[in-house]
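Worksheet for the structure shown next.
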Amino acid sequence: MRYKLEVMGLSMVPFESRLLSEAEFDDVSDLRDAVFNAFSSDQVNHVWIALNGERRIVTNCAQFQHEYMQDMPTVAS
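Counting with the UniProt record's numbering, you get residues 1 to 77 for the letters of the sequence shown.
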(Lines of atoms letter the chains of each structure in order from A and count residues from 1; the text may use other names and numbers.)
(Lines give C-alpha, C1' and ligand atoms only; values in the text may rest on other atoms or scores of the structure.)
Protein backbone atom coordinates (compact mmCIF):
# COMPACT_ATOMS: atom_id res chain seq x y z
CA MET A 1 0.00 0.00 0.00
CA ARG A 2 1.18 3.52 -0.73
CA TYR A 3 0.19 6.28 1.66
CA LYS A 4 0.43 9.97 0.77
CA LEU A 5 0.79 12.36 3.70
CA GLU A 6 0.08 16.09 3.45
CA VAL A 7 0.98 18.12 6.54
CA MET A 8 -1.12 21.25 6.88
CA GLY A 9 -0.24 24.25 9.02
CA LEU A 10 -1.92 27.37 10.22
CA SER A 11 -2.19 30.23 7.77
CA MET A 12 -2.25 33.97 8.25
CA VAL A 13 -5.71 33.91 6.63
CA PRO A 14 -8.47 32.87 9.07
CA PHE A 15 -10.04 29.45 8.46
CA GLU A 16 -7.40 28.44 5.91
CA SER A 17 -4.45 26.09 6.11
CA ARG A 18 -1.25 25.93 4.11
CA LEU A 19 0.70 22.91 2.95
CA LEU A 20 3.86 22.53 5.04
CA SER A 21 5.14 19.28 3.55
CA GLU A 22 4.13 16.15 1.72
CA ALA A 23 5.61 12.69 1.44
CA GLU A 24 4.72 9.15 0.39
CA PHE A 25 5.19 5.97 2.41
CA ASP A 26 4.89 2.26 1.66
CA ASP A 27 4.99 1.23 5.31
CA VAL A 28 2.40 2.30 7.90
CA SER A 29 5.11 2.37 10.61
CA ASP A 30 7.04 5.01 8.66
CA LEU A 31 3.78 6.90 8.13
CA ARG A 32 3.12 6.75 11.89
CA ASP A 33 6.54 8.21 12.67
CA ALA A 34 5.95 11.06 10.22
CA VAL A 35 2.47 11.80 11.61
CA PHE A 36 3.72 11.82 15.21
CA ASN A 37 6.65 14.07 14.25
CA ALA A 38 4.28 16.43 12.46
CA PHE A 39 1.95 16.75 15.44
CA SER A 40 4.91 17.47 17.73
CA SER A 41 5.19 20.84 15.95
CA ASP A 42 2.99 23.65 17.20
CA GLN A 43 2.58 24.89 13.61
CA VAL A 44 0.71 21.81 12.40
CA ASN A 45 -3.06 22.05 12.31
CA HIS A 46 -3.98 18.70 10.72
CA VAL A 47 -2.78 16.17 8.17
CA TRP A 48 -4.40 14.57 5.16
CA ILE A 49 -3.69 10.91 4.41
CA ALA A 50 -4.55 9.47 1.01
CA LEU A 51 -4.75 5.74 0.35
CA ASN A 52 -6.29 4.01 -2.68
CA GLY A 53 -7.93 7.24 -3.87
CA GLU A 54 -9.54 7.98 -0.50
CA ARG A 55 -8.32 11.13 1.27
CA ARG A 56 -9.00 11.47 5.01
CA ILE A 57 -8.28 14.22 7.51
CA VAL A 58 -6.49 13.40 10.76
CA THR A 59 -6.43 16.00 13.53
CA ASN A 60 -4.36 14.28 16.25
CA CYS A 61 -2.20 11.25 17.07
CA ALA A 62 -4.97 9.39 18.90
CA GLN A 63 -7.22 9.54 15.84
CA PHE A 64 -4.36 8.29 13.65
CA GLN A 65 -3.70 5.34 15.97
CA HIS A 66 -7.37 4.44 16.12
CA GLU A 67 -7.92 4.58 12.35
CA TYR A 68 -4.62 3.27 10.98
CA MET A 69 -2.85 1.22 13.65
CA GLN A 70 -5.59 -1.10 14.98
CA ASP A 71 -4.39 -4.09 12.97
CA MET A 72 -0.72 -3.59 13.82
CA PRO A 73 0.83 -5.98 16.35
CA THR A 74 1.85 -4.45 19.65
CA VAL A 75 5.15 -5.09 21.39
CA ALA A 76 4.85 -6.67 24.83
CA SER A 77 6.73 -4.95 27.64
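Using N, Cα and C, we set each Cβ at its ideal position, and we do this for glycine too. Given the structure is predicted, the values throughout are model-derived calculations rather than measurements.
**OP:** Can you give me the start and stop residues for the beta strand (DSSP E) that F25 sits inside?
**Re:** 17-25
**OP:** Can you say whether M8 is buried or exposed, counting buried as having 16 or more other CB atoms within 10 angstroms of its CB?
**Re:** buried
Original post:
Along the chain, where does the beta strand (DSSP E) that runs through R2 open and close?
Top reply: Counting along the chain, R2 falls outside any beta strand (DSSP E), and DSSP gives it neither H nor E.
**OP:** Between the Cα of P14 and those of F39, N45, E67, spot the shortest distance and give me the residue it belongs to.
**Re:** N45
Original post:
Do you know offhand how far Y68's Cα is from M12's?
Top reply: 31 Å
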